[in-house]
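Protein chains in written order, with the numbering used here: chain A, 9 to 211; chain B, 9 to 211. Have a look at the structure below, then the notes.
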């Protein structure tokens with residue numbers, strides 16, 4: 009940890025723009041000597057509390073545009089992306105796995121988060137299923153039996169609930185949000201502004 | 009007109025991100041030998057037809073974020089911006105003035121559009137008032153008496169209605185939209201993707 013405070017990155021594992029941010033934010037922050045704290049949250053809870061609705065659906069003009077923009081934004085950013093056949097998904101199992109791993113090994117938790125995002129947005133796996141989450145974790149060396157128990161651990165469930173409440177308290181209303189020294193940036197398309205902010209210390 | 013087709017730029021005069029796009033899109037298109045057709049529309053009609061809501065309000069987390077992001081995005085892009093004291097505004101008078109001018113002098117209509125946007129987002133003038141629209145137009149040499157009549161001309165009202173219907177048919181659901189050879193880009197934050205598209209002919 010250096011003398012500058014870490015960035016906070018809030019995301020839902022079912023958020024395409026969250027995935028795009030996840031592929032870029034650590035390297036960008038590192039260029040400016042900053043670390044990133046990752047916070048998986050559940051957009052269902054966020055939308056319920058803020059009275060918002062999911063931004064993308066398959067029928068409206070805006071929904072169709074967004075499905076197209078997910079893939080185009082990925083190409084623009086040079087990130088692999090395949091539209092998932094089932095979308096969006098509930099992501100509490102992936103988020104619980106993350107927090108359980110984080111309690112033991114931060115780097116392994118980060119590795120799991122990348123693997124879960126890529127499983128969903130590249131390999132089209134149904135990451136809502138506990139079995140899929142266990143398989144993703146097993147591939148990076150996580151003890152499958154222990155994780156299976158952890159996914160039902162009341163302490164882990166409470167941790168995820170706390171994280172959602174803290175996100176709401178911090179003003180988070182969607183995914184991804186990156187908060188830098190109290191300044192909030194919403195959306196993968198705010199990466200140029202995030203870089204501008206990191207480079208200049210505010211503008 | 010060169011051999012490449014013009015870009016279509018849809019916007020509401022009350023849209024901050026539309027104003028930011030207006031300050032940049034012509035110069036960017038010109039770098040790639042392209043012209044831009046401007047289409048003021050009324051978001052009220054668009055939102056009613058698409059079942060959307062205005063994105064910004066002053067009380068929710070998202071609304072507060074957006075008011076902050078308008079100003080920060082303007083600073084990021086190097087564009088003057090002062091938060092209007094009355095926002096949003098009905099903009100049918102500004103849009104009608106634009107289409108009436110456009111029927112006579114395209115360049116003058118473009119000049120009026122810039123002046124109207126800057127009057128609202130820099131000088132904090134209430135551009136919903138016919139009197140303000142007349143003053144803005146008079147400053148760039150428009151005959152005030154003729155414009156005053158034109159603002160109530162049924163043909164001009166019908167033109168604006170047609171433009172809103174054509175925007176809906178083209179998939180427009182907010183402001184700004186830029187459509188390049190059938191590819192739609194929503195938001196001032198899509199300027200980097202627009203440049204990418206113009207430079208590469210698609211990606």
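Virtual Cβ for every residue (Gly too), placed ideally from N, Cα, C.
Beta-carbon proximity of residue i to residue j, cut-off 8 Å
| i | j | result |
| --- | --- | --- |
| residue 180 of chain A | residue 54 of chain A | yes |
| residue 47 of chain B | residue 191 of chain B | no |
| residue 75 of chain A | residue 82 of chain A | no |
| residue 194 of chain A | residue 182 of chain A | yes |
| residue 21 of chain A | residue 103 of chain A | yes |
| residue 107 of chain B | residue 164 of chain B | yes |
| residue 70 of chain B | residue 58 of chain A | yes |
| residue 123 of chain B | residue 155 of chain B | no |
Near the ligand MN: residue i beta-carbon under 7 Å from a heavy atom
| i | result |
| --- | --- |
| residue 168 of chain A | Because no ligand of any kind appears in the structure shown, any question about the ligand MN cannot be addressed here. |
Cα-Cα separation between residue i and residue j, rounded to whole angstroms
| i | j | result |
| --- | --- | --- |
| residue 211 of chain B | residue 139 of chain B | 46 Å |
| residue 9 of chain A | residue 15 of chain B | With a pLDDT of 39 at residue 9 of chain A, under the threshold of 50, the modelled position of that residue is not reliable, and the figure given next carries that caveat. Those two C-alpha atoms are separated by around 48 Å. |
| residue 201 of chain A | residue 84 of chain B | 7 Å |
| residue 92 of chain B | residue 61 of chain A | 28 Å |
| residue 161 of chain B | residue 99 of chain B | 16 Å |
| residue 78 of chain A | residue 23 of chain A | 10 Å |
| residue 209 of chain A | residue 37 of chain A | 13 Å |
| residue 199 of chain B | residue 188 of chain B | 12 Å |
| residue 72 of chain B | residue 167 of chain A | 28 Å |
| residue 204 of chain B | residue 51 of chain A | 31 Å |
| residue 174 of chain B | residue 12 of chain B | 21 Å |
| residue 145 of chain A | residue 136 of chain A | 14 Å |
| residue 64 of chain B | residue 19 of chain B | 16 Å |
| residue 68 of chain B | residue 56 of chain A | 13 Å |
| residue 114 of chain B | residue 88 of chain B | 25 Å |
| residue 112 of chain B | residue 35 of chain B | 23 Å |
| residue 151 of chain A | residue 127 of chain A | 19 Å |
| residue 143 of chain B | residue 42 of chain B | 32 Å |
| residue 157 of chain A | residue 169 of chain A | 18 Å |
Where the beta strand (DSSP E) containing residue i begins and where it ends
| i | result |
| --- | --- |
| residue 186 of chain A | 185-188 |
| residue 134 of chain A | First-last for residue 134 of chain A: undefined, no H or E at that position. |
Cβ shell of residue i (< 6 Å), same chain only, five flanking positions each side left out
| i | result |
| --- | --- |
| residue 33 of chain B | 17 and 44 |
| residue 109 of chain A | 116, 117 and 120 |
| residue 206 of chain A | 40 |
| residue 101 of chain A | 138, 141 and 159 |
Residues that residue i bridges to, as DSSP identifies them
| i | result |
| --- | --- |
| residue 45 of chain A | A:16 |
| residue 30 of chain B | DSSP, once it has assigned bridges, lists no residue as partnering residue 30 of chain B. |
| residue 192 of chain A | A:187 |
Cβ shell of residue i (< 8 Å), same chain only, five flanking positions each side left out
| i | result |
| --- | --- |
| residue 90 of chain B | 129, 130, 131 and 132 |
| residue 196 of chain B | 25, 26, 28, 29, 32, 81, 85 and 184 |
| residue 149 of chain B | 116 |
Cut-off 7 Å between Cβ atoms - residues of its own chain near residue i, not counting five sequence neighbours on either side
| i | result |
| --- | --- |
| residue 134 of chain A | 94, 97 and 140 |
| residue 177 of chain A | none |
| residue 125 of chain A | 21, 27 and 30 |
Range covered by the alpha helix (DSSP H) that runs through residue i
| i | result |
| --- | --- |
| residue 105 of chain A | 100-110 |
| residue 75 of chain B | 69-85 |
| residue 170 of chain A | 162-177 |
| residue 152 of chain B | 152-158 |
| residue 23 of chain A | Careful: residue 23 of chain A lies outside any alpha helix (DSSP H) and carries neither H nor E. |
| residue 52 of chain B | 51-58 |
| residue 207 of chain A | 199-208 |
Contact with chain C by residue i, beta-carbon distance below 8 Å
| i | result |
| --- | --- |
| residue 112 of chain A | In the displayed structure, chain C is absent; the protein chains listed are A and B. |
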